[in-house]
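K.L.:
Once you know that position 410 of the sequence shown is 433 in our numbering, the rest is easy, because the numbers rise by one and skip nothing. The structure follows.
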Amino acid sequence: MSQDIYDLVVIGAGPGGYVAAIRAAQLGLRTACVEKDKTLGGTCLNVGCIPSKALLESSERFLGAEQHLAEHGVKVGKVELDLRTMMARKDKIVSQLTGGIAGLFRKHGVTSVRGTGHILAPGKVEVREAADAYTLETRNILIATGSTPSSLPGVTIDGDYVGTSTEALAYPEVPEHLIIIGAGVIGLELGSVWARLGSRVTILEYMPTLLPMLDEDLSTLAGKLFARQGLELVLGVKVTGTSRKEDRVTVEYIGKDGQPTGITGDRVLLAVGRKPNTAGLNAEAVGVKLDKRGCIIVDEHYATSVPGIFAIGDVIPGPMLAHKAEEEGIAAVEHIAAKAKQARSTGHVNYDAIPSVIYTHPEIATVGKSEAELKKAGVPYRKGKFPFAANGRARALGETDGFVKILAHKDTDRILGVQIIGPRASDLIAEAAVAMEFSASAEDLARSVHAHPTLAEAIKEAALDAGGRVIHL
Ligand code: FAD
Ligand code: NAD
């Protein structure tokens, strides 16, 4: 392989890297994608977005069958959990999707290279696989090596009793008492899964409020609903370590009162964030600059401090989201291709319109600014709010918790932020993201025809409310 000269070598086949490789091939760039793991798809497909959503769906159906079918007049016998089948279903979905990427690479003519990528110099990527090592020559390198779970001093990951999200996606049996460190996205999603399947779940969180990055209205309601579902949320505490005795683990922490204390369970999930992954890449040695957090510093075209080396996704600053990584990958390679043809670059990511979803029950989805952010920036705004309790479809579904909130500029009416907590918020937020991408006003949404009865009518009503003319409230 050392005689091949590529236009682009992508390191990492997560959603950022594999999408970038396909787009590069579409643009006529001779492209190889180097991946160290056995399967393609990165964190997202193998141990992130996809398996977690499969388990969230299965566990919700289990809970629904156990607790909610009766109210629909559907009687079932004893509902039993078959965890092995639930896990096998999840694994099958993962392998179908990861295998699908291998097929997409073949279809688009991307060379898939198995091994660990190590940058020797601009234009030279050494691939190491077992005892083998060879060099790929390339005009451009795109680093898409993603992220790994952050650690915490005193907490020893043993990959079994004390683990990360990877272990929590594959526990062999339902933990009796699962202790989660960190009430972020992973803590709440995977905590929901295991609580629905019967675990006692305690979540220890450092911050005094739940999901502080969210609009306060959302986090307040979410906290109440999660507590109602039985998640024990212990806020404002500092975890100092873990200790294991046979099959029990104690998490030691400093309580709100400043006193050291502890809690004992049979599994611990550490979910205190993720860190950019540049281990073994040799990026810094060839001159690629990192920031204080270890993220690769890039310019608006995702170029690093070294000419010919680009970076995207979780390894650069910004929210760690699969769709953010994908869009950056596309923008980066469109820029690289344009440069090769001396044309104008078309790649662009609108960071003001990146939706973000927490797949709990109810789901929480946001795009754009929160009220606190607008207040801090001194931007005048008005808001419209509509509860799902007043939406016919939500009533028919029996899913009335939550609301849609729209924040629009006070003078121009341009939509600045949309927050949704409620049924299918993950799907509903797409309308808001598209509206924001097209610089729509709240009135644009309010005057768009929405089918009846749909959950999306709650968005229209919130937009009407922003203009002071809500109908169904
Ligand atoms: P990654 O997906 O991490 O891929 C990086 C790839 O690079 C990996 O395959 C790795 O093996 C490979 N690699 C690293 N170093 C090398 C090297 N030197 N040589 C060769 N290969 C290398 N995001 C969402 O948007 N929605 C969700 O619902 C969601 N759920 C999540 C659930 C969990 C439990 C977790 C952990 C994450 C979740 N995320 C979710 C986040 C999402 O997975 C990441 O934002 C996304 O995967 C980042 O994509 P990436 O391509 O930058 O990196
Ligand atoms: P996170 O940043 O969402 O949450 C980490 C939480 O841990 C925070 O609330 C933080 O205050 C808390 N914390 C930090 N240090 C602590 C300590 N010492 N003791 C107790 N709590 C502490 O991180 P995560 O949940 O690990 O997820 C990692 C990344 O993966 C996130 O950035 C997220 O974007 C991504 N992810 C996304 C989705 C999704 O889009 N649905 C799902 C899962 C993960």
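Every residue gets a Cβ at the ideal spot worked out from N, C-alpha and C, and that includes glycine. Nothing here was measured: the structure is a model prediction, and the numbers come from that model.
(1) How would you write the range of the alpha helix (DSSP H) that L487 sits in, first residue to last?
(2) Is there at least one non-hydrogen atom of the ligand FAD closer than 8 Å to the beta-carbon of I203?
(3) What do you reckon, is the C-beta of I452 under 8 Å from a heavy atom of the ligand MG?
(4) Pick out whichever of I319, L234, I353 has its Cα sitting closest to the Cα of P340.
(5) On the CB-based measure, 16 or more other CB atoms within 10 Å of its CB, does G128 come out buried or exposed?
(6) Helix, strand or coil, according to DSSP, for L233 in the structure here?
(7) Identify which residue in T168, V133, S135 has its Cα closest to the Cα of H141.
(8) Measuring CA to CA, which of R53, G122, I202 is closest to E228?
(9) Mind checking whether the beta-carbon of K76 lies closer than 8 Å to any heavy atom of the ligand FAD?
(10) Just reading off the beta strand (DSSP E) that E160 is part of, what are its end residues?
(11) Would you list the one or two residues that DSSP bridges to P446?
(12) Below 6 Å CB to CB, which residues in the same chain sit around S25 once its five sequence neighbours on both sides are set aside?
(13) Can the beta-carbon of E351 be found less than 9 Å from the beta-carbon of Y325?
(14) Should I209 be listed as close to the ligand NAD, given that the test is whether its C-beta is under 8 Å from any heavy atom?
(15) For G186, verify whether its CB is less than 8 Å away from any heavy atom of the ligand FAD.
(16) Assign H475 to one of three DSSP states: helix, strand, or coil.
(17) Need the endpoints of the beta strand (DSSP E) that H131 sits in, please.
(18) Is the beta carbon of L304 within less than 8 Å of some heavy atom of the ligand FAD?
(19) Going by the C-beta, is Y382 closer than 8 Å to any heavy atom of the ligand NAD?
(20) Could you tell me which whole beta strand (DSSP E) segments of length 3 or greater appear in the segment 177-257?
(21) Hey, is L106 close to the ligand NAD, as in C-beta under 8 Å from one of its heavy atoms?
(22) Between the Cα of P17 and those of D289, E275, A400, spot the shortest distance and give me the residue it belongs to.
(23) Please tell me whether, using a cut-off of 8 Å, the distance from the CB of P145 to the nearest non-hydrogen atom of the ligand NAD is below it.
(24) Reducing DSSP to helix, strand and coil, say where K101 ends up.
(25) What do you reckon, is the C-beta of C72 under 8 Å from a heavy atom of the ligand NAD?
(26) L496: buried (16+ other C-beta within 10 angstroms of its C-beta) or exposed?
(27) Using the Cα positions of L397 and G391, report the straight-line distance between them to the nearest angstrom.
(28) I'd like to confirm the pairing. Which residues does DSSP put opposite F426 in its beta bridges?
(29) Over what stretch of residues does the beta strand (DSSP E) that includes A306 continue unbroken?
(30) Beta-carbon within less than 6 Å of T423's beta-carbon, same chain only, minus the 5 sequence neighbours each way: which residues are those?
(31) When the Cα of P38 is compared with those of K347, E460, D434, S82, which residue comes out closest?
(32) Using only the alpha-carbon positions, how far apart do V402 and V117 sit?
(33) Identify, in the order they occur along the chain, each residue of the same chain with its Cβ nearer than 7 Å to the Cβ of I335, setting aside the five sequence neighbours on each side.
(34) Does DSSP put C72 in a helix, a strand or coil?
(35) Given C67, which residues of its chain have a CB within under 7 Å of its CB, disregarding the five upstream and five downstream residues?
P.N.:
Judging by the given coordinates:
(1) 480-489 is the span of the alpha helix (DSSP H), which, as asked, contains L487.
(2) Residue side-chain check: I203 keeps its Cβ at 8 Å or more from all non-hydrogen atoms of the ligand FAD.
(3) Because the ligand MG does not appear in the structure shown, any question about it cannot be addressed here, the ligands present being the ligand FAD and the ligand NAD.
(4) Answer by Cα proximity: I319.
(5) Per the sequence presented here, residue 128 reads as Phe, with Gly not at that position. That one is buried.
(6) DSSP places L233 outside both helix and strand once states are collapsed to three, so it counts as coil.
(7) Among T168, V133, S135, the Cα nearest to that of H141 is on T168.
(8) That would be I202, whose Cα lies nearest to the Cα of E228.
(9) Correct: K76 has its Cβ closer than 8 Å to the ligand FAD.
(10) That run of the beta strand (DSSP E) goes 155-166.
(11) Beta-bridge annotation (DSSP): P446 is not paired with any residue.
(12) In this prediction, S25 has a pLDDT of 46, which is less than 50 and means its spatial position is unreliable; nothing more can be read from the coordinates.
(13) It is a contact, given that the beta carbons lie within the stated cut-off.
(14) Yes, the ligand NAD has a heavy atom inside 8 Å of this Cβ.
(15) No, since every heavy atom of the ligand FAD falls outside the 8 Å radius drawn around the Cβ of G186.
(16) Reduced to three states, the DSSP call for H475 is coil.
(17) Note, H131: premise wrong, no beta strand (DSSP E); alpha helix (DSSP H) at 106-131.
(18) L304 Cβ: within cutoff of the ligand FAD.
(19) True, at least one ligand heavy atom lies under 8 Å from that Cβ.
(20) Runs of the beta strand (DSSP E) inside the segment 177-257: 200-204, 223-227, 255-257.
(21) Taking 8 Å as the cut-off, one finds no heavy atom of the ligand NAD near enough to the beta carbon of L106.
(22) Because residue 17 is not part of the residues shown, which for the chain are 24 to 496, the question remains open.
(23) For the ligand NAD, not one heavy atom lies less than 8 Å from the Cβ of P145.
(24) K101: coil per DSSP, three-state reduction.
(25) Checking the 8 Å criterion, the Cβ of C72 is within range of a heavy atom belonging to the ligand NAD.
(26) Looking at its Cβ environment, which holds fewer than 16 other Cβ atoms inside 10 Å, L496 is exposed.
(27) Answer to the nearest angstrom: the Cα atoms are 10 Å apart.
(28) BP columns for F426 point to P410, I444.
(29) A306 -> no beta strand (DSSP E), and no H or E assigned at all.
(30) Taken in chain order, the residues that qualify are F411, A412, A417.
(31) Selected option, being the one with the closest Cα: K347.
(32) Annotation: V402 to V117 spans about 44 Å, alpha carbon to alpha carbon.
(33) Exclusion of the five residues before and after I335 leaves G39, A43, L165, A167, Y325, A348, E351, G352, A355 as the residues of its chain whose Cβ lies within less than 7 Å of its Cβ.
(34) In the three-state reduction of the DSSP assignment, C72 falls in the helix class, which pools H, G and I.
(35) Annotation for C67: G37, P38, I73, A345 place their beta carbon closer than 7 Å to its own, counting only its chain and skipping 5 residues before and after.
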